[in-house]
Structures are given as C-alpha cells and as structure tokens.
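Data block below; observations after.
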Amino acid sequence: MKNFKIAAALAGVAVFFSMTACNNRTNPFFQEWDTPYGTAPFSQILTEDYLPAFKAGIQEQKANVKAIVENPEAPTFDNTILALENASPILDKVQGVFFNLSESDSTPEMQAIEEEVMPLLTEAENEIFMNETLFARVKAVYEAPEGLTREQQMVAKKYYQSFERNGVGLNEAGKKRFAEISTRLATLSQQFGRNLLAQNNAFKDATGITVSEYYDFMSSCEDRDKREQVFKAYSSRGNNGGENDNNAIVLEILKLRAEMAGLLGYPNFAAFQLSNKMAGAPETVDAFLKPIMDAAMRKALEDKTQMEKLSGYPLEAWDWGFWAEKLRAQKYALDESQTKPYFQADSVLKGVFTAAESIYDIRIEPAPEVEVYNPEVKAYKLSNPDGSLLGIFYRDYYVRPTKRGGAWMNNFRDQEKGVRPIIVNVCNFPAPTADVPSQLTIDNVQTAFHEFGHALHGFLTQCTYKRVSGTSVARDFVEMFSQFNENFAFVPEILAQYAKDWRSGEPIPAQLVEKIGSSLKFNQGFTTGELCAASILDMRWHELSAEELAAFNGPEDIRAFEKKVCGEMGLIDQIIPRYRTTYFNHIFNSGYSAGYYSYLWSEVLAVDAWERFLADGIFNPATAKAFRETFLEKGGSDEPMTLYKQFRGAEPDPASLLRARGLN
C-alpha cells in the first residue's frame, strides 16, 4: 500500500489481536494466507474469528482514513483516491469471506454476528462518506481530471458520487438523521433476508418441495388441489403473520428509503436510485417497461385461450404451469422429462466451461489444491493460454436449508492490478442422491450459463482499480453479460460437447436439440409478464413519496397496493409478479431496489450484441475478441453506453428484446 500510516493502523488493531490469540493461535484474518493463490483457509477460520476481525478492520480503516485527511500535501489521485481505495485490507478480507458464507451457509451463529456487525459497518461507512474534509480532497481530484487516465477519472467519479449520495452535503441534523436511517435500513434488510430464509424452509416443510423446485412441480403435478395448496403457500411467503412475517419490515424500509431520498432532495427513492444509472430517471424506466408488458399480456391471453381449450375449464394461477407444459408437449412434442437426463449438473458445468474456453480462448481446470467451504463445493482454476492466472472459481450448485433462495455470483476477492479475482457461483439446483445425479430443467441450464456470464465479467477484467473492475458497473448494465452468456447454452456445437444421457452416455439427439430451440420462445407471455410485473411493482413502490407512504399501515395496505398496481399494468388474473412484495429479496435485501427492471434493460443490450455474433458467426474469433476487449476487460472503467457503442457502432435497438422473446 502507498500513502498510508501503517504503523498507526496496526496500533489500532493490536488490541483485537490479543482477543483471539490462544495457544499461539492468530486470527486468520490478521495474517497473510499461505494458501494456493491466496484463497481463504476455510478450515482455519472459526466462527469466533469474524467479530474481532470486523472490529479490527474498522479500526484499521479509521486510522488509514485519518491519515488521508491529515495529509498536508495537496490532494492527488494517489494520496487521496487510491489511498481511500486501499484503506481497509482486513475489512476487505473478512467481508469477502463472511458475507459469502452468510448467504450460502447461514447458521444462527452467523446470523447473530451479522446482526451485530451491520450497524458497525454502516456507522463506519457514514463516518467516511460524511467527512467534509475528506470529501473536499476527493472533490479536488474529481474536478481536476487533467492528467488522469480515463479509468482514474471513473474511479474518482464513483467516489465523488458516493459522498454526495451518502449525505455529505447535509447539515448536521440532516447527517444525523441520514446516519440513523442508514443503520436502521441495514438491520431491516438483514432481518428481511433471515425471515425469508425461514419462510422458504417452512414452505418445504409444508409442501415437501423446495422453493427452487416450485416451477418444476407446478408444471408436472397432476393433482389440481395440490397445485393450489402449493401455489398459495409459495405466493404468501413473508405474509403469514408470526415472527417471520415481512409486512412491517417492508413498510418501514419503504418509508425510510423515501425519507432518505427526501433528505437528499429527490421526490422519491426511485428518482434517487436511478440518478446514477443508465436509465437516469423513473419516467424512462416506466416508458421502457410499458410496451414490454403490453406485448407480454397479448401473448399470454393467446396462450390462455389455447390452454383452456386443452383443460376444458377456466384456468387459475395454479393451473398455468401445468397446462403450459401440456401445450408445449402438443406444439413441440417436448416435455422436460425428455431433456433432464441430458442435463446432469456436472455435464452442464462442462458445457458452461466449454463455451467460455471456445469463445474467449481460456483454460479451465479443476483445482483440488484449493480448499472449499462446503463438501458440495468444487474449485477450478482459470488461465490464459500462456498459463497466466485469470482467477479461482468456486461452484456451489445444490440446494441446502442454510442457503438463501435464488442464484448469484459474488467475489471472495476483487480484481485489481497485480491481483486476480476469486469468484463463486451459487445456485439452488436439486441435490444428487446416492443413485441419481442432479438433473436440471431447461431453465436451470440457462441459470448456470447466466451466473457464469457474471463470473466471466469478473475473471476477464483487466482494470487497475477494484472500484471499477469486473462487475462494478451500473446496476442496469451488469446483467448484460450474464444474459448474453445464456445464448451459448443451446448452441448445437456446444450442446454436442456436454448434453449426454447420464445413464447411457448417448449424446442428445439432433431432433431433441431442434425441439428445445423451437420451444425457447414458448410461454413468453407468462415468463416475460411475471418478470415485467415484478419490475413494475418495484418501481411503483419506490415512486411513492414519503407523504404517500405515510398512509400505509399494515398487510392489508400492501395487498391493496399490489392489486391496484397489477390492475393498472394489465396483468391478467392467472399470472402474479415473479416476486410479491413480502418475498421480493432482490429489492429488500440484494441491492436491486428500483432496479429490478435492469434484467430487461440489460437484456436489450445482450440481445442486440448477440445479433452481431449471429451476423458475424457465433464462433468468429475477431468478434469474440472485440467483445472481450471492449466489455469484459473494461469493467466500469468507462461509461456503459460509450463501451457499448464502441462494440456495436450504435445504440441498441429496443425492439430486439421483443424479437428475441417472440413477442413482436
């Protein structure tokens, strides 16, 4: 590190060293890791190591920030921005491990630590980003971009915006209230996630299936009464009363967010959130989503008419998946029982790797020397053809009671100059048994490719500063690369490499590949509709002002608002938003507040970029090289649309999304 007073930092953490030293044992977070590639020594880390490491890291960070503030030299990129970037090595290390494990292996002990740590971290962050003297130094660098590289300008911009968006310009009373809100929001967000995990486990206890198996179950269960029971249990998660109910938490979060936005001069939280995104304003997002929703519902009504002819009765929400599968079988002579044997989880991962190796000319191999945090996890090493390291990858695919629902990519360690990233993909695929491997649905296969698209964004980045490396880009840009990577899942040349019957080893028949390709646009009225509905619901909640939210008092108000919004958007009764309010983890616990639209927004970019690949030839090395160098290596080192136009030559065509989904 440069421009730090390391001695001061070490003095600040010495007291915490003594708290965990016993029989000459040192807290692993206080030392360099003598492990392959600097990966975490999971077996050496005890639960009681986390809290002292967090506290020590906060003290180290405070000492280093104090050194920046008191530096008598004129502010420069190195002595201010870069020094701030490198102010928290212990904290970076412990956060990288703890928050990954708290999501994939959450235990009561980890939850208790999280509950204690979140207010401490929020307070520490507020101290930094409300420090007017520090902000003055950052502002001086940001406002004098001459002599800085484009990447340095973007790093400075991001730090400058962080100060502005964290209330540095408020008066003392405003800062005090902003800090109170930030701390409370951090606590509420974690509580929402813990409640949802408990609700997901209760759902399994009540129905016998996991949340991740819901769609598969609803498309295959012959018993209509059972489907109704499962649908009602699934769609009421977080809305059941009792200690794990999320209604009160949701309303408090929404009210506090609206108040926070008001403190910063915005009419609502959506306006605040979008002010530094590609979309820029709520009105832009609303205008973007409306034609997608209209097209989806037109298609959904067509499908509904056909399914009701098959069923012989008016459909309810719990009937859609079952009769959609029947209609797909009629139209394409395809059902998932035919495809699953070819999509065994390990073979799908081989396909994910094969696509990446073929397109980007990289090498992926098992890394048994790397320790993993759970026996179900596997580690891999990614390299360039010359042997230079790209990073270390953990695959954590199978459902566990301690794992939150959904699928995601995250970093254990960020990339920066001289440091390669350590990345994990976490999914909730069905676990293998002693006799049968994990077999994936078509949607599961797309998920595996999706999450590795995020991973590739992290692995291929070649930035100097971690603030802009890899996936550190605008929220409505980050999903482009994951959605783009989904395109390779069912490319015949890739399928031939990995889709083999786990029982016989026979490759997937060409006619089945053709059926899969033909069916990918099937049921898009439902699929697009539930996704777009959730995006609109997210926007409508966060477009409410503090005054409007003051009238909301309980669960009945939440249900009434949901019903009103769904009616206004034209959502038919047989479809509900992909996430209803009380289990909408993306917007209440995962950073997508007023941002769930970004999946559709990014898909426009992804589809438009894929159209160039189709025009040039999917395996055209020049096109792949341009995509890698323009996007994947650049991270957030330039504005998203600047990078996009460098690759595509123009802004994306919004109609490409409707074409790709068969909704035009």
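Residue numbers (numbering that gives the first Met the number 0): 0 to 663.
Yeah, the Cβ is synthetic: ideal placement off N, Cα and C, and Gly gets one too.
Owing to the predicted nature of the structure, the values given are computational and were not obtained by experimental measurement.
Quick check on the DSSP output: what are the complete alpha helix (DSSP H) runs of length 4 or more inside the segment 627 to 655, in order along the chain? 639 to 647
Excluding the five sequence neighbours on either side, which residues of its own chain have a C-beta within less than 8 Å of the C-beta of N619, listed in chain order? F612
Helix, strand or coil: how does DSSP classify L381 here? strand
Quick one: measure Cβ to Cβ for A454 and F392, integer angstroms, because I've assumed they're closer than 8 Å. 6 Å
Classify A447 as buried or exposed, calling it buried when 16 or more other Cβ atoms lie within 10 Å of its own Cβ. buried
Cβ of T79 within 8 Å of Cβ of V154? no
How about the segment 180 to 198 and the segment 276 to 285: do they share at least three Cβ pairs that are nearer than 8 Å? no
Please classify Y372 as buried or exposed, where buried requires at least 16 neighbouring CB atoms within 10 angstroms. buried
Hey, out of G590, A286, K624, K562, whose CA is closest to Y359's CA? K624
Let me check understanding here. Comparing Cα to Cα, which of G528, E124, E131 lies closest to N170? E131
Could you spell out the range, first to last residue, of the beta strand (DSSP E) harbouring I391? 388 to 397
For F428, report the span of its alpha helix (DSSP H) as first-last. Premise fails: F428 lies in the beta strand (DSSP E), 421 to 428, not in any alpha helix (DSSP H).
Rounding to the nearest angstrom, what Cα-Cα distance links T338 and L530 in this structure? 25 Å
Quick check on DSSP: helix, strand or coil for W407? strand
For R577, which of Y213, S346, F451 has the nearest alpha-carbon? Y213
Could you have a look at R236 and say whether DSSP puts it in helix, strand or coil? coil
Since S592 and Q272 are thought to touch, with beta carbons under 8 Å apart, how far apart are those beta carbons, to the nearest angstrom? 6 Å
Which parts of the segment 184 to 264 are runs of the alpha helix (DSSP H), unbroken and 4 residues or longer, counting only runs that do not cross its ends? 213 to 219, 223 to 234, 246 to 262
Nearest to P35 by alpha carbon, out of A328, E370, L300, G173? E370
Straight-line gap, W32 to T38 (C-alpha atoms, nearest Å): 7 Å
Let me check understanding here. Comparing Cα to Cα, which of A473, F268, I291, F321 lies closest to P281? F268
Quick one: using the 10 Å Cβ neighbour count with 16 as the cut-off for buried, is Y596 buried or exposed? buried
Judging by CA-CA distance, which residue of L314, G168, I575 is the nearest neighbour of E561? I575
Report the option in A355, G311, N552, H449 whose CA atom is closest to the CA atom of Y598. H449
Inter-residue CB distance, F451 and A355 (contact presumed, cutoff 8 Å): 7 Å
Please name the residue in A430, L333, Y265 whose C-alpha comes closest to that of A545. Y265
CB of R193 within 8 Å of CB of Q94, strictly: no
The beta strand (DSSP E) that contains P365, what's its start and end? 362 to 365
Excluding five sequence neighbours on each side, which residues of the same chain lie with their C-beta closer than 6 Å to the C-beta of R256? F268
Rounded separation between K377 and P639 - CA only: 33 Å
Tell me P506's beta-bridge partners as DSSP assigns them. K499
Hey, quick one: how far does the alpha helix (DSSP H) through Q305 stretch, first residue to last? 281 to 310
Minimum C-alpha distance to Y464 - residue among P653, N427, A82: A82
Since N99 is in the alpha helix (DSSP H), which residue starts that stretch and which ends it? 88 to 103
How big is the Cα-Cα spacing for L664 and N165? Shown here, the chain extends from 0 to 663; a query on residue 664 therefore has no answer.
By DSSP, does R412 sit in helix, in strand, or in coil? strand
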